[in-house]
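Notes follow the structure.
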Amino acid sequence: KPRPLAVIEAEAAAQGARLYRLGHEWSYHVGASGLTVDGPFHSYPNLHLQLKGQFQPLNAAVAVTTLDVLRGERDLVIDAEAVRAGLSSVVFPGRMEIMQTAPLVLLDGAHNPAKVRSLVDSFKAAYPGKKAHVLLGVLAIKDAAGVLAPLTEIAARWTLTQPDVFGKPA
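Going by this note's numbering, the sequence shown opens with residue 57, and the numbers climb by one from there.
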């Protein structure tokens, strides 16, 4: 957004720090051959991600761009093939993790409205037209209504429970 960006740009200028903005100094796109990140210094084409979820290519692109900046500004030796191998082997337990396939059991630890929104969008993209049996427990410190609202788009059945986390009431 323009106003926060202006503040960030002013602070970067005051500190003498370079600012790397998506769509300006770096970019990424997902195509048939995988993720391509065009960093400010190098390009990383055809990267493969095992991570599930529509939000993961952006997360990976930010990580690759960070490495590219370290490589370009700090002369950090980072082999592009190591980046490729690392991304292709990354797993994130508890994020759209398939626990079994028949029936499909998917585990996700989304715990705030934004993460649940991403989960729902990713579920809809991966399983178009499918509905889910949602098993959900929410801590008292979380926005339960904000977590529930997006899930109504994919829920066919609900099982609500109370998580048992030491020192954090459900």
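Quick reminder that beta carbons are idealized off the backbone N, C-alpha and C, glycines included.
Fully contained in the stretch 111-180 are the following beta strand (DSSP E) runs of length 3 or more, in chain order: 153-157 and 160-163.
Inter-residue distance for GLN156 and LEU163 is about 10 Å (C-alpha atoms, whole angstroms). Here LEU91 carries a strand assignment [DSSP, helix/strand/coil]. Under the three-state reduction of DSSP output, ALA68 falls in the helix class. By the C-beta density criterion, PRO113 is buried, having at least 16 other C-beta atoms within 10 angstroms. Residue environment analysis places TYR84 among the buried positions, since at least 16 neighbouring C-beta atoms fall within 10 angstroms of its C-beta. Taking THR121 as the centre and dropping the five residues before and after it, the same chain places the C-beta of TYR76, TRP82, VAL93 and GLY95 closer than 7 Å to its C-beta, in chain order.
ALA182 sits in a helix when the DSSP states are folded into three classes.
Under DSSP, the beta-bridge partners assigned to VAL190 are TRP214.
With 16 or more other Cβ atoms from the protein chains shown falling within 10 Å of its own Cβ, PRO206 counts as buried. The stretch 176-190 and the stretch 99-115 touch, with no fewer than 3 CB-CB distances between them shorter than 8 Å. Membership of PRO206 in any beta strand (DSSP E) is not indicated; the residue belongs instead to the alpha helix (DSSP H) covering 200-207.
DSSP places PRO219 in the coil class of the three-state scheme, outside both helix and strand. Beyond the five residues adjoining it in sequence on each side, GLY150 comes within less than 7 Å, by CB distance, of LEU163, ASP164 and GLY165 in the same chain, given in chain order. Rounded to the nearest angstrom, the gap between the Cα atoms of PRO58 and ILE64 is 10 Å. Within the same chain, HIS189 come within 6 Å of ARG213 by CB-CB distance, once the 5 residues on both sides are set aside. Taking 8 Å as the cut-off, the Cβ atoms of ALA226 and VAL203 do not count as close.
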